[in-house]
């Protein structure tokens with residue numbers, strides 16, 4: 001599978017300049033910044049945001065940090081009961097009190113930032129006691145419609161549950177699904193239970209969806225009182241296939257909807273609305289109801305912005321005066337599980353005041369962290385790169401650069417590839433450099449002796465600096481392999497003219513032109529906390545010994561020689577990681593700009 | 594402070610204005626009793642312009658600029674607060690107003706009593722703000738409403754704020770000598 005560079009999703013990764021250069025590939029082929037990945041320690045694979053399932057652990061208000069049970073949260077529309085948001089600037093409103101001349105104390109909401117307050121700002125005073133807010137909600141049309149549907153679905157599912165043949169079972173499932181989708185969940189259902197009738201991708205939307213009024217959706221069943229929703233006849237009626245006539249009609253409707261409808265009847269019954277006094281003779285159109293109102297506005301600041309309107313879903317008023325504060329939406333804490341093995345990756349603390357995790361498997365604390373210390377051209381289309389590997393673990397990390405892997409070595413938009421790789425196993429020390437294992441220690445010593453100064457620049461504590469040489473342009477043969485899971489070989493052709501200048505300090509003043517604006521290439525890396533070779537074959541020492549002379553003599557294109565690790569039973573012990581580089585050529589030290 | 598420590602902290606009557614050494618005050622500026630001018634504030638009269646007359650119990654915080662460019666005098670009432678970085682260039686100001694940080698009041702504007710200009714707001718030229726006008730700035734628009742609530746909040750803390758400043762500022766700053 002080809003890896004693919006994707007945009008970083010987290011806000012803090014988005015606008016930083018260097019956060020798109022190095023991306024780590026997830027097992028599913030998408031690649032992200034290291035901080036956006038998780039690492040499952042039982043599958044030994046990385047998980048991106050598409051490879052996890054999420055469960056909501058708790059709801060809390062970001063303002064008052066109060067823990068709210070899921071039943072209570074869904075009862076209040078996933079909003080905090082106490083905290084209000086300013087309709088103008090979306091800050092949190094504060095409760096204030098003032099005493100008037102008669103000594104009567106009145107309470108009101110006040111925005112300390114934009115000075116909005118519930119007494120003077122709106123057309124009329126905003127009552128924010130729970131009673132009047134509830135009454136207002138219950139009056140709304142959407143609420144009534146939703147309740148009707150819920151009632152019927154509830155009734156039917158209760159009826160159906162007594163029957164147990166195959167047909168009714170599917171109907172029970174549909175009824176339950178609808179109940180869940182539309183209704184307020186009374187209980188937090190178990191992961192496995194929900195799996196029954198929902199695809200995993202849909203799962204996460206269930207709890208996160210805010211029970212705001214549902215949009216007018218033709219697919220939702222229209223309720224006529226007294227009718228039953230899930231009888232066979234009704235299901236059939238609901239599932240009539242769409243004919244070409246219907247689709248033509250839909251298309252026509254779409255065209256029609258762009259033409260503003262004239263409104264025949266006289267307009268708003270609201271007496272206060274004097275705006276249309278002089279407009280009565282004119283034609284009225286559906287979509288520009290307050291065109292005259294807009295014309296009368298002298299100051300464009302009196303019109304609400306899109307963001308303000310979207311916070312007022314029931315009214316969506318265009319006038320600032322009609323905006324009303326709403327309760328603050330709740331936030332959630334979610335536990336995340338690996339989609340492959342269902343193990344917990346992230347478990348947050350349920351107490352909203354605490355910020356630490358109970359369980360955290362971020363890739364950042366397991367994968368070797370990589371950064372580029374220097375990259376420069378050594379010839380036309382040839383560059384050398386110094387990579388620093390950091391081991392975040394306390395134990396040793398063994399790694400190698402495989403010559404053949406299952407799947408693709410490169411990503412599709414690569415325009416360069418590495419031509420010179422260290423082909424043996426190597427290691428990075430841990431933070432606490434303690435080896436109690438004699439065998440391991442001996443092995444490390446052995447690996448150390450084999451190190452070639454051409455590749456190994458520096459080794460200190462848990463850092464390792466390696467040199468790589470890459471070439472612009474990708475061998476066609478790499479692309480030929482379009483099969484999804486076939487084994488591909490990395491083909492290395494070291495150009496003859498390459499003079500391996502091992503002296504890092506020679507300063508080459510020459511500037512080179514870059515063929516591409518961005519140099520993109522991929523490095524494959526296998527790592528494990530156990531030695532990759534030691535556990536495979538007992539005669540690892542001889543294996544290494546037998547292969548090393550070859551490396552030193554000439555860099556034969558690999559693929560045939562014995563340096564390749566035979567696939568073995570311990571293959572699952574190591575993690576394959578593809579690191580995708582996307583380096584702007586201006587970041588090379590000696591690019592001709 | 595010269596008050597003996599044995600006396601209980603009675604609300605002392607403010608008998609003088611505090612003008613820090615580090616602020617710029619042009620000649621021709623009249624400052625009444627009780628007004629506090631923080632360091633780095635500037636009250637400037639341009640060449641050929643009229644005087645600036647500042648009333649009682651105003652607080653002029655750091656980096657505030659009050660500039661008079663017109664030949665007429667600029668009258669400022671009492672009990673106003675000019676918060677950090679405000680820029681005032683207007684015709685006249687009443688009393689009990691709040692100017693929040695970095696607000697700008699441009700030339701020829703008249704501000705009456707008990708107004709509140711929000712942080713970062715720009716009040717355009719030639720305007721007349723009536724009593725209890727509240728102007729505030731959100732990310733998208735400037736909002737103007739009539740409300741007395743910001744004024745009430747302001748008056749409830751203004752006297753104690755002044756007292757605190759009169760106590761603490763002389764401890765940490767050198768004062769300009771005034772004629773009083």
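Protein chains in written order, with the numbering used here: chain E, 1 to 593; chain A, 594 to 773.
Don't be surprised by glycine CBs; every beta carbon is placed ideally from N, CA and C.
Residues of its chain near residue 711/A, where Cβ-Cβ distance is below 7 Å and the 5 sequence neighbours each way are ignored: 693, 696, 728, 729, 730
Listing by chain order, which chain E residues have their CB less than 7 Å from the CB of residue 727/A? 115
In chain order, what residues of the same chain have a beta carbon less than 7 Å from the beta carbon of residue 217/E, not counting five sequence neighbours either side? Confidence at residue 217/E is low in this model, with a pLDDT of 45, below 50, so its placement is unreliable and no value can be given for it.
Measuring CB to CB, does residue 659/A end up less than 7 Å from residue 626/A? no
Using 7 Å as the limit for Cβ to Cβ distance, is residue 88/E near chain A? yes
Are the segment 58-73 of chain E and the segment 117-135 of chain E touching by the rule of at least three beta carbon pairs closer than 8 Å? no
By how many angstroms is the C-alpha of residue 698/A removed from the C-alpha of residue 129/E? 38 Å
Leaving out five residues on either side along the sequence, give the residues of the same chain with a beta carbon under 7 Å from the beta carbon of residue 37/E. 24, 26, 46, 47, 48, 363
For residue 42/E versus residue 309/E, is the C-beta spacing smaller than 7 Å? no
Quick one, which of 406/E, 53/E, 75/E, 95/E has its alpha-carbon nearest residue 340/E's? 53/E
May I ask which residues mark the beginning and end of the beta strand (DSSP E) holding residue 793/A? Past the edges of chain A, shown from 594 to 773, lies residue 793/A, and the structure says nothing about it.
If residue 613/A and residue 766/A are in contact, beta carbons under 8 Å, what's the gap, nearest whole angstrom? 5 Å
Tell me the rounded alpha-carbon separation between residue 85/E and residue 93/E. 6 Å
Pull up the CB-CB distance for residue 521/E and residue 417/E, whole angstroms please, since I reckon it's below 8 Å. 5 Å
Rounded separation between residue 395/E and residue 379/E - CA only: 39 Å
Quick one: what does DSSP say residue 176/E is sitting in, helix, strand or coil? helix
Complete runs of the alpha helix (DSSP H) confined to the segment 328-353 of chain E [at least 4 residues]: none
Chain E contacts made by the segment 735-759 of chain A, where a contact means CB separation under 9 Å: 735, 736, 737, 738, 739, 740, 741, 742, 743, 745, 746
If you pair each beta-carbon of the segment 294-307 of chain E with each one of the segment 76-85 of chain E, do three or more pairs fall below 8 Å? no
Taking C-beta to C-beta, are residue 157/E and residue 175/E nearer than 7 Å? yes
Contact between the segment 410-429 of chain E and the segment 457-474 of chain E (3+ Cβ pairs under 8 Å): yes
Identity of the residue in 159/E, 392/E, 317/E, 375/E nearest residue 385/E by Cα: 375/E
Any chance you could list the beta strand (DSSP E) runs of at least 3 consecutive residues sitting entirely within the segment 438-463 of chain E, in chain order? 456-460
Is the beta carbon of residue 389/E less than 7 Å from the beta carbon of residue 402/E? no
If residue 345/E sits next to residue 336/E, beta carbons under 8 Å apart, how far is it from one beta carbon to the other, in whole angstroms? 5 Å
For chain E, find out if any of its Cβ atoms is closer than 7 Å to the Cβ of residue 731/A; answer yes or no. yes
Contact under 7 Å by Cβ, residue 89/E with residue 64/E: no
Just to make sure I have the definition right: I need the residues of chain E whose C-beta is within less than 7 Å of the C-beta of residue 689/A. Which are they? Chain E residues near residue 689/A: none, gap ~15 Å exceeds 7 Å.
With distances taken Cα to Cα, identify the nearest neighbour of residue 426/E among 50/E, 458/E, 584/E, 412/E. 458/E
Boundaries (first-last residue) of the alpha helix (DSSP H) holding residue 723/A: Neither: residue 723/A is in no alpha helix (DSSP H) and is coded neither H nor E.
Residues that residue 377/E bridges to, as DSSP identifies them: 383/E
Counting along the chain, where does the beta strand (DSSP E) carrying residue 124/E start and finish? First-last for residue 124/E: undefined, no H or E at that position.
Where does residue 104/E fall in DSSP's three states? coil
Would the beta-carbon of residue 652/A fall within 7 Å of that of residue 645/A? no
If the cut-off is 9 Å on Cβ atoms, which residues from the segment 37-50 of chain E count as contacting chain A, listed in chain order? none
Would you say the beta carbon of residue 749/A comes nearer than 6 Å to a heavy atom of the ligand ATP? Ligands are entirely absent from the displayed structure, and the ligand ATP is therefore not among its contents.
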